[in-house]
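Engineer:
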Amino acid sequence: MNCELKAEYDFSGVLMWHIVPAGAFMPLCGTPLAPAAETRPIPFSADLDNLCHLCAILYAAEPKPQQAASP
Ligand SMILES: [Zn+2]
Numbered sequence: 002m003n004c005e006l007k008a009e010y011d012f013s014g015v016l017m018w019h020i021v022p023a024g025a026f027m028p029l030c031g032t033p034l035a036p037a038a039e040t041r042p043i044p045f046s047a048d049l050d051n052l053c054h055l056c057a058i059l060y061a062a063e064p065k066p067q068q069a070a071s072p
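Converting from the sequence shown to the working numbering requires adding 1 to each position, the first position being numbered 1.
(1) Using only the alpha-carbon positions, how far apart do Val15 and Ala62 sit?
(2) Threshold first: 3 residues or longer. Then list the beta strand (DSSP E) segments lying entirely within the segment 2–48, N to C.
(3) Do Glu5 and Ile43 come within 9 Å of each other at the CB atom, strictly closer than that value?
(4) Taking all protein chains shown into account, do 16 or more other C-beta atoms lie within 10 angstroms of the C-beta of Pro36, making it buried, or fewer, making it exposed?
(5) Nearer than 8 Å: is that true of the beta carbon of Leu55 relative to any heavy atom of ligand 1?
(6) For Met19, count the other beta carbons within 10 Å of its own beta carbon; 16 or more makes it buried, fewer makes it exposed. Which is it?
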């Protein structure tokens with residue numbers, strides 16, 4: 002699955018980053034997010050310490066597309 006990060010906000014700014022399928026706005030964990038929320042590409046930078054743990058677990062469990070071997 003092609004995924005990206007999407008922000009969940011609270012009154013002070015970005016509360017948490019969720020992992021969403023690219024182009025979608027419902028993250029893997031099911032938390033409703035604003036469609037206009039900021040997105041970031043995966044892989045994300047190491048300073049991202051407020052990644053949604055449930056999304057991270059679910060994303061890690063996703064079967065990753067294998068790089069096709071050269072014919
Ligand atoms: Zn999440």
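Cβ atoms here follow ideal geometry from the backbone N, Cα and C, with glycine treated the same way. Here the structure is a predicted model, which is why all the values come from computation and not from measurement.
Structural biologist: So, from the data block:
(1) For the purposes of this step, residue 15 is identified with residue 14 of the sequence shown, where counting begins at 1. For the purposes of this step, residue 62 is identified with residue 61 of the sequence shown, where counting begins at 1. The straight-line gap from Cα to Cα measures roughly 25 Å.
(2) 4–11, 14–22 and 40–42
(3) The residue you call residue 43 lines up with position 42 of the sequence shown. The residue you call residue 5 lines up with position 4 of the sequence shown. At the C-beta level, Ile43 and Glu5 come within 9 Å of one another.
(4) Numbered from 1 along the sequence shown, position 35 holds the residue referred to as residue 36. Burial call: exposed.
(5) As a working note, residue 55 is residue 54 in the sequence shown. For ligand 1, at least one heavy atom lies less than 8 Å from the Cβ of Leu55.
(6) Your numbering for residue 19 matches position 18 in the sequence shown. Met is not the amino acid found at residue 19; the sequence shown has His there. Classification for His19: buried.
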